[in-house]
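Presented below is the structure to which this report refers.
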Amino acid sequence: MSIKPLSRDAVQQICSSQVIISLSATLKELIENSLDAKATAIEVYLDNYGSESIEVVDNGEGILPQNFSTICLKHFTSKLTEFSDLQELETFGFRGEALSSMCAVSDMSIVTHHASQDVGSCLEYNSSGELVNSSPCAAQIGTRVSIKKIFLHMPVRRIELMKNIKREFNKLLQILYGYCIIRPDVRFQCFLTTKKEKSLVINTTETNSMKDVLISIFGTKSSKSLIPVTKCEYNDVTSNSTHISYELFDQIELTGYISSPEPGSGRSNSDRQFFFLNSRPCDYSALSRLLNELYHEYDRNHYPFVILSIYTKANQLDVNLTPDKRSILLHSEQLVFDIIRSSIAKLFLHYITTFSTCLNLTAQCKLSHKSPTNLNKQNRNYNRTSPRRNAFSTHLKSFRDISPNKHSKPIHHTIDLPSCTAPVKYSMYIMDTATQRVSRESIVTVDIVDIRNAINSNVNYNRKSFDNIFSARINPEHNDKAEAELRKELSKDSFNLMEVVGQFNLGFIITRLGSHLFIIDQHATDEKYRFEVLQTTEHITSQPLITPLPLEMSVVTELVIMDNMNTYEMNGFDIAVDEHSSPTHRLKLRTLPMSKGWIFGEDEIEEMALLLQDRPGVLCRPSKIRSMFASRACRSAVMIGTALSLKEMERIVRNMAQMEQPWQCPHGRPTMRHLTTVFK
530 MSIKPLSRDA VQQICSSQVI ISLSATLKEL IENSLDAKAT AIEVYLDNYG
580 SESIEVVDNG EGILPQNFST ICLKHFTSKL TEFSDLQELE TFGFRGEALS
630 SMCAVSDMSI VTHHASQDVG SCLEYNSSGE LVNSSPCAAQ IGTRVSIKKI
680 FLHMPVRRIE LMKNIKREFN KLLQILYGYC IIRPDVRFQC FLTTKKEKSL
730 VINTTETNSM KDVLISIFGT KSSKSLIPVT KCEYNDVTSN STHISYELFD
780 QIELTGYISS PEPGSGRSNS DRQFFFLNSR PCDYSALSRL LNELYHEYDR
830 NHYPFVILSI YTKANQLDVN LTPDKRSILL HSEQLVFDII RSSIAKLFLH
880 YITTFSTCLN LTAQCKLSHK SPTNLNKQNR NYNRTSPRRN AFSTHLKSFR
930 DISPNKHSKP IHHTIDLPSC TAPVKYSMYI MDTATQRVSR ESIVTVDIVD
980 IRNAINSNVN YNRKSFDNIF SARINPEHND KAEAELRKEL SKDSFNLMEV
1030 VGQFNLGFII TRLGSHLFII DQHATDEKYR FEVLQTTEHI TSQPLITPLP
1080 LEMSVVTELV IMDNMNTYEM NGFDIAVDEH SSPTHRLKLR TLPMSKGWIF
1130 GEDEIEEMAL LLQDRPGVLC RPSKIRSMFA SRACRSAVMI GTALSLKEME
1180 RIVRNMAQME QPWQCPHGRP TMRHLTTVFK
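Residue 1109 in my numbering sits at position 580 of the sequence shown, with consecutive numbering throughout.
Structure (structure tokens):
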């Protein structure tokens, strides 16, 4: 087959689909064009979250008539004339690909009015970026670009977009947030139109303060815990790699904000981290990792809310790496990282010393006022970890090491186990009266060799590859490997096929599947089953508030909450919506979940919103409610030390087939392990 050049249309479609890959990429290019045109006010209009149309209106310079025919052609640009100009680049765009690519993947039109013209012009382009119609029209100074039915001629992408439209909308807003933050001198507004209504989702004002923009977007509460970031002194920089010259140090500027290291000031994930290089928003995973590590030295359970802007000479950056220009190569990256590390470390150290004394006094006061009931509860939870059980899990691996060829008679091996008070503690939670009626004499005590010999005499063994699939031993060090084997080789139906052999040590159920023996933790397994039932069916009781509590949430969080009211009601939150209020102030909390010893609030509401962004419409539970369910399930489950009848053991094993994740209990303990292969 001979090599032939691709047609012009084919080249256009292939290249364009690499530049415009999402809604957020489309908006990014339009916003950057407006900023390059020196706009001070930008309005974004989204129809059906952007799937029907995206429209960006600015008050920039407008387009000169002589550029009407070339502005949407491939690789036509006014930003640079030769490659060396990239070394001094001061604009966002420079390739001349964005508008041309939008023409190829959507229906695009432009209305523009340059200050030198008496009237505006309405421009229409075909899929190749060629001007097909130009007509005069009334328009204000500036430009309006309309993108309709994006990916209409790319069915796979269009279907995927519609399937995940709300997730794509959230990504689009994250992109828009970045430009709002780094350009506080520009007024941004974003309007969303759906079948239900038209709403204002972002509304910032022209200001010289980045902090004011953060408050406008994320609310006062989220911004209160932020502390300003400044560059440290030259003598404070520590580097393990190279010597840092003062000349290079002086070229770097740092500005921004980061969450206070005070416990509780961070976030449950790293969704609010914005990085800028020479005022260009970018994705910088290495920098994010560095800041997360620094923050985890003070608060391991949270991530910082970060806005970090880095300025250096233009020739120190390479922005021409990816089509979206979000990945940037920084020439002196290690130097910049050393400066950032030293600056943040000094900032945190200074800040920690200002509140550590107060924090210690507060902790002492709280401790002195703890009720005896809470202290007893802590003691009870501590004693639940059974030393006997830990010892058993460590020594149980010896069962696999015993070969039937080495012993012709049963071997009785005694393991010295530490004393354990757990059965005494657990006895108060035994709820099943049928369990209490089982006499200790009805439990038959056998060792593993006896079980193996009995099965050998009654079953005709058929060798299969299934026999050698389990190699992980019963040992805490092999937990990950053992769980991976079980997930891979066992299906949920396997639990319905398992035969219960008996109970071991009043805490474990021995089962057989084919030629394999498995040991199942009766408490952990029953606990996980009860936990999953609570997770999927429990409707939490709520307590009405005397006065509705205003909720100050970010725009994205507000929209997610309004789209998932049923999920919040299932978790005990009754939230009212005031459509006439401004964004970030439209929600009011009317009821809170109520349970003994558990307090819920705004943190759980925000946590749920983050979960629902990735999985809209799915019933989710915040971590505190999950912990409450785990505690309930643990207290009501069959305890270690409880004698079980055959029927009760079968119930526990069969319930595993109904679980979503039967491999671990809610607290992370394994529910089962492969014990041994009974035929050799």
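Each residue gets a CB set at the ideal place from its N, CA and C atoms; glycine is no exception.
Query                                                                                                             : Result
Among 752, 842, 730, 731, nearest to residue 739 - alpha-carbon criterion                                         : 752
Whole-angstrom distance between residue 1100 and residue 975, CA atom to CA atom                                  : Caution is warranted here: a pLDDT of 49 is assigned to residue 975, below 50, making its placement in the model unreliable, and the coordinate value is therefore given only provisionally. So the two alpha carbons sit approximately 47 Å from each other.
Three CB pairs or more closer than 8 Å across the region 1086-1103 and the region 1058-1078                       : yes
Through-space distance from residue 696 to residue 689, alpha-carbon basis                                        : 11 Å
Residue 596, buried or exposed, once every other Cβ within 10 Å from all chains shown has been counted against 16 : exposed
Beta strand (DSSP E) segment containing residue 1117, residue limits                                              : 1116-1122
Start-to-end residues for the beta strand (DSSP E) that takes in residue 761                                      : No beta strand (DSSP E) contains residue 761, which DSSP labels as neither H nor E.
Exposed unless 16 or more other CB atoms sit within 10 angstroms - verdict on residue 763                         : exposed
Same chain only: Cβ atoms within 6 Å of residue 632, ignoring 5 sequence neighbours per side                      : 601, 654, 656, 658
Cβ distance (whole Å) where residue 1086 is taken to contact residue 1018 below 8 Å                               : Not really, about 42 Å apart at Cβ, beyond 8 Å.
Beta-carbon proximity check, residue 1168 vs residue 1021, cutoff 9 Å                                             : no
Straight-line Cα distance separating residue 781 from residue 805                                                 : 13 Å
CA-to-CA distance, residue 876 to residue 765, given in whole angstroms                                           : 11 Å
Simplified DSSP state of residue 870, which is helix, strand or coil                                              : helix
Check whether residue 720 and residue 729 have beta carbons under 9 Å apart                                       : yes
Residue span of the alpha helix (DSSP H) that contains residue 1145, given as start and end                       : No alpha helix (DSSP H) contains residue 1145, which DSSP labels as neither H nor E.
Residue 1086 in three-state terms, based on DSSP                                                                  : helix
Coil, strand or helix - residue 673 by DSSP                                                                       : strand
Cα-Cα separation between residue 637 and residue 733, rounded to whole angstroms                                  : 27 Å
Cβ-based burial, residue 534 [other Cβ within 10 Å; buried from 16]                                               : exposed
Proximity to residue 779 [Cα-Cα], best of 731, 840, 750, 1034                                                     : 840
Exposure label - residue 1141; buried when at least 16 CB within 10 Å                                             : buried
DSSP-derived helix/strand/coil call for residue 732                                                               : strand
Close beta carbons around residue 566, own chain, < 6 Å, minus the five adjacent residues each side               : 589, 590
Distance between beta carbons of residue 604 and residue 471, contact taken as under 8 Å                          : In this structure the chain extends from 530 to 1209, so residue 471 is not present and cannot be described.
Expected contact under 8 Å - CB spacing of residue 1186 and residue 1024 to nearest Å                             : 4 Å
Spatially closest choice to residue 1103 from 1110, 1113, 727, 1129, by CA coordinates                            : 1129
Residue environment, residue 1051, which counts as buried when at least 16 other CB atoms sit within 10 Å         : buried
Three-state secondary structure (DSSP) of residue 1158                                                            : helix
Ordered list of beta strand (DSSP E) runs contained in the region 559-620, each at least 3 residues               : 570-576, 582-587
CA nearest to the CA of residue 556, picked from 707, 647, 668                                                    : 707
Residue of 867, 844, 854 minimising C-alpha distance to residue 860                                               : 844
Alpha-carbon to alpha-carbon, residue 645 and residue 823                                                         : 53 Å
Rounded straight-line distance, which links the Cα of residue 582 to that of residue 677                          : 4 Å
Endpoints, the beta strand (DSSP E) within which residue 642 is located                                           : 636-642
From 1154, 1088, 559, 635, residue whose alpha carbon lies closest to that of residue 698                         : 1088
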